[in-house]
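This report refers to the structure that appears directly beneath it.
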Amino acid sequence: MNKPIFKVLEELENQSSLEKSRQVDVPADERMLAITKETGELLNMILRLKNAKNVLEVGMSVGYSTIWCAEAIVENQGKIITIEQNPKKINRAKENFQKANVLDSITIHEGLAMQILQEFNLKEEYKEFFDFVLIDADKENVIKYFEMVLPLVSVGGVIITDNMLYPEKYKEDMKKYSSYIRSNQNVRTITSPIGNGEEITIKLR
Ligand SMILES: C[S@@+](CC[C@H](N)C(=O)[O-])C[C@H]1O[C@@H](n2cnc3c(N)ncnc32)[C@H](O)[C@@H]1O
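First residue of the sequence shown: 1, per this note's numbering; consecutive thereafter.
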């Protein structure tokens, strides 16, 4: 067990539960909005099962999910590319990565996910490069993110999408997303009730 990583994860879990239970008053744009611990464990387990090396994250926040991913891949010399638009959160994430001793495994792309994913799609080296992707940014664009991520994922690669079942305010967007991916013959997908509802999608061809 790597102690610094688990200490940072625990601190972030405490912060997240204070925010969720409204015991601390945090401005909307500074909230962590993190995946649950159970989801972190799920991501970590899938990464280990896949022996994953190249991870892409869309929506980093302060880095809780990123650190769960890093824990699974550091020994493998794996790398994570993560996207976030909020500079305050990026600064907090960098501090968390430093404390967790995973900074060297992570590259942060600051800016709008749509624009950055468009740039990635133009780069030959990113074609089918990633073996694992977490989609967890704004939910209005989730279908577009999936369309842009799919060419970047290797055959057999996994895409996880958070918030399939909760919170209620995302239900309509996630319902549309769910039927959209189910109509794609190139993937197989299930919705797991873990955490806030995790879509687990595998690229078949
Ligand atoms: C749900 S939070 C991510 C939580 C993180 N994955 C975790 O579990 O620790 C979503 C994040 O996506 C960022 N975000 C929202 N829309 C974005 C966009 N269009 N481009 C880049 N980042 C965006 C938000 O600033 C927020 O920090």
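Heads up, the beta-carbon is just placed ideally off N, CA and C, and yes, glycines get one too.
Start and end residues, beta strand (DSSP E) containing residue i
| i | result |
| --- | --- |
| V153 | 153-161 |
Inter-residue Cα distance where the pair is residue i and residue j
| i | j | result |
| --- | --- | --- |
| E30 | E75 | 31 Å |
| R205 | A93 | 34 Å |
| K89 | S61 | 5 Å |
| D173 | K53 | 30 Å |
| I207 | I143 | The structure shown has nothing for residue 207, since the chain only spans 1 to 205. |
| V155 | N86 | 32 Å |
| R48 | I108 | 22 Å |
| Q98 | L152 | 28 Å |
| S179 | A70 | 31 Å |
| S21 | I190 | 29 Å |
| G111 | Q118 | 12 Å |
beta-carbon residue i near ligand 1 non-hydrogen atom, thresh 7 Å
| i | result |
| --- | --- |
| E119 | no |
| S65 | yes |
| A137 | yes |
Within 8 Å, strictly: CB atoms of residue i and residue j
| i | j | result |
| --- | --- | --- |
| F130 | L56 | yes |
| G197 | N141 | no |
| E38 | I200 | no |
| I83 | G63 | no |
Boundaries (first-last residue) of the alpha helix (DSSP H) holding residue i
| i | result |
| --- | --- |
| L49 | 37-50 |
| D131 | Counting along the chain, D131 falls outside any alpha helix (DSSP H), though it belongs to the beta strand (DSSP E) covering 130-135. |
| I206 | Given that the chain is displayed from residue 1 to residue 205, the structure contains no residue 206 and the question cannot be resolved. |
| E110 | Per DSSP, E110 belongs to no alpha helix (DSSP H); it is in the beta strand (DSSP E), 106-110. |
DSSP-derived helix/strand/coil call for residue i
| i | result |
| --- | --- |
| R188 | strand |
| L150 | helix |
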